[in-house]
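Numbering (my numbering), first residue to last: -4 to 150.
Just so it is clear, CB atoms sit at the ideal spot from N, CA and C, and this is done for glycine as well.
As the structure is a prediction and not an experimental result, all values here were calculated from the model.
Laid out in structure tokens, this is it:
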């Protein structure tokens, strides 16, 4: 029970941090580097799978990444860019905070349900994959939108 509470507190802290990072990012022009780096940095967490306790079956990998991609739809829909002063800016969404905390609540509920039948290590691995699938697909969609606007700037 301690680990469920501790991991939920950490996830909530990360969600709050994401909100502040996103609000700060909206004040500066976006760039390809700023879009690509977060999933690249997060990918280092995959080293956890070197340890047997965190390893999951391929079906669980597919399930976790698929759920992450589905969750990313909400983030993709609220991530919009605009051109200002010959630069591309991310427009802050008022619903971003609610979406992030809603996704956090769903993940906690899922963790409580899955945690009863799946070991802590496997659950950790699956939720890493879920988060990575969500961030990667969201950032790829952002990159696509950014590149589309960048082409408009070239004209």
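- Secondary structure note for residue 75: its beta strand (DSSP E) is the uninterrupted segment 75 to 79.
- Each of 98, 82, 87 and 71 was checked against the Cα of residue 144, and the nearest Cα belongs to 82.
- Per DSSP, the beta bridge partners of residue 83 are 78.
- With respect to the C-alpha of residue 92, the residue from 47, 55, 130 and 13 having the closest C-alpha is 13.
- Going by DSSP, residue 147 is part of the alpha helix (DSSP H) stretching over 115 to 149.
- Shown here for residue 119: same chain residues with a beta carbon closer than 8 Å to its own, the five before and five after excluded, namely 2, 43 and 49 in chain order.
- Counting C-beta pairs with one atom in each stretch, the stretch 123 to 140 and the stretch 26 to 37 have three or more that are closer than 8 Å, which means they touch.
- Residue 61 sits exposed, since fewer than 16 C-beta atoms from the chains shown fall within 10 Å of its C-beta.
- For residue 21, the closest alpha carbon among the candidates 98, 51, 101 and 77 is that of 77.
- By the neighbour-count criterion, in which a residue is buried when 16 or more other Cβ atoms sit within 10 angstroms of its Cβ, residue 51 is buried.
- When the beta-carbon positions are compared, residue 99 and residue 41 stay at least 7 Å from each other.
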